[in-house]
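Counting in our numbering, the sequence shown runs from 5 upward without gaps.
Here's the structure we're looking at; comments come further down.
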Amino acid sequence: MSPLAVLYRIGLGLWDYSWKFRKAVKIDVPVISVGNLTAGGSGKTPLTIYLAERFLERQMKPAVLIRGYRRKGKGDLFLLTGTKEVPPVENTGDEAQLIYRRLSGEVPVGIGRRRERTARFLLEKENPDLFILDDGFQYRKLHQDVKIVIINVGSLKEPVRLLPAGDWREPLSALKR
5 MSPLAVLYRI
15 GLGLWDYSWK
25 FRKAVKIDVP
35 VISVGNLTAG
45 GSGKTPLTIY
55 LAERFLERQM
65 KPAVLIRGYR
75 RKGKGDLFLL
85 TGTKEVPPVE
95 NTGDEAQLIY
105 RRLSGEVPVG
115 IGRRRERTAR
125 FLLEKENPDL
135 FILDDGFQYR
145 KLHQDVKIVI
155 INVGSLKEPV
165 RLLPAGDWRE
175 PLSALKR
């Protein structure tokens, strides 16, 4: 294990331990988290879209919560149902745009670092039946009723190496939580 990976593992352990003393925010509707243990694309966003489509088919009203990686601006942003003029991708992030457009504007998307805050806003404005938290397995500030973790089986062929030596955010033991 590289020295940086050792430091990362220690930091991860301290972060994990600190959550034993903190409470996640529980909101009034179910939260389904879609996440993974590795860095990079594993199909989280396509699965988020798929789940939202299935809920729409069942006459349910989902909403999606997303951080909005690589976007300009740090404030919360919302793509509400039926928004005619969608902000540019630089402001929303590409994944939020993809989700909103693939779902034809029928599913609101809350974009922001503090997903519990964007959830509260969407609860008031859109009254969803449930939330789908995209890339949410490591986000512990919001209580998750269901956790879906995608694992690329190809990544299991090699030894699990944590960042920065490998592409694993967390060890497989994180699945226990």
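Where a beta carbon is used, it is the ideal one built from N, C-alpha and C, also for glycine.
Residue from the options whose Cα sits closest to the Cα of residue i
i: Val150; options: Thr52, Ser6, Leu11; result: Thr52
i: Lys48; options: Ile70, Lys161, Asp171; result: Ile70
i: Leu8; options: Pro112, Leu167, Leu179, Trp172; result: Leu167
C-alpha distance - residue i paired with residue j, whole-angstrom precision
i: Ala43; j: Leu83; result: 26 Å
i: Lys76; j: Ala28; result: 27 Å
i: Arg74; j: Glu94; result: 8 Å
i: Thr96; j: Arg181; result: 30 Å
i: Ser177; j: Leu41; result: 10 Å
i: Asp32; j: Phe141; result: 20 Å
Residues that DSSP places opposite residue i in a beta bridge
i: Ser152; result: Looking at the sequence provided, one finds Ile at residue 152 rather than Ser. According to DSSP, Ile152 bridges with Val38.
i: Leu176; result: Looking at the DSSP assignment, Leu176 forms no beta bridge with any residue, so it has no partner.
i: Leu166; result: Trp172
i: Ile136; result: Ile36, Val68
8 Å CB neighbourhood of residue i in its chain, flanking five on each side removed
i: Arg105; result: Val90
Beta-carbon contacts of residue i that lie in its chain and below 6 Å, excluding the five residues immediately before and after
i: Gln148; result: Val35, Ser37
i: Asp80; result: Gly116, Thr122
Cβ shell of residue i (< 7 Å), same chain only, five flanking positions each side left out
i: Arg173; result: Leu41, Thr42, Ala43, Gln142, Leu167
Uninterrupted alpha helix (DSSP H) stretches inside the segment 105-134 (no shorter than 4 residues):
Qualifying alpha helix (DSSP H) stretches, in chain order: 119-130.
Which parts of the segment 28-88 are runs of the alpha helix (DSSP H), unbroken and 4 residues or longer, counting only runs that do not cross its ends?
Fully contained in the segment 28-88 are the following alpha helix (DSSP H) runs of length 4 or more, in chain order: 48-61.
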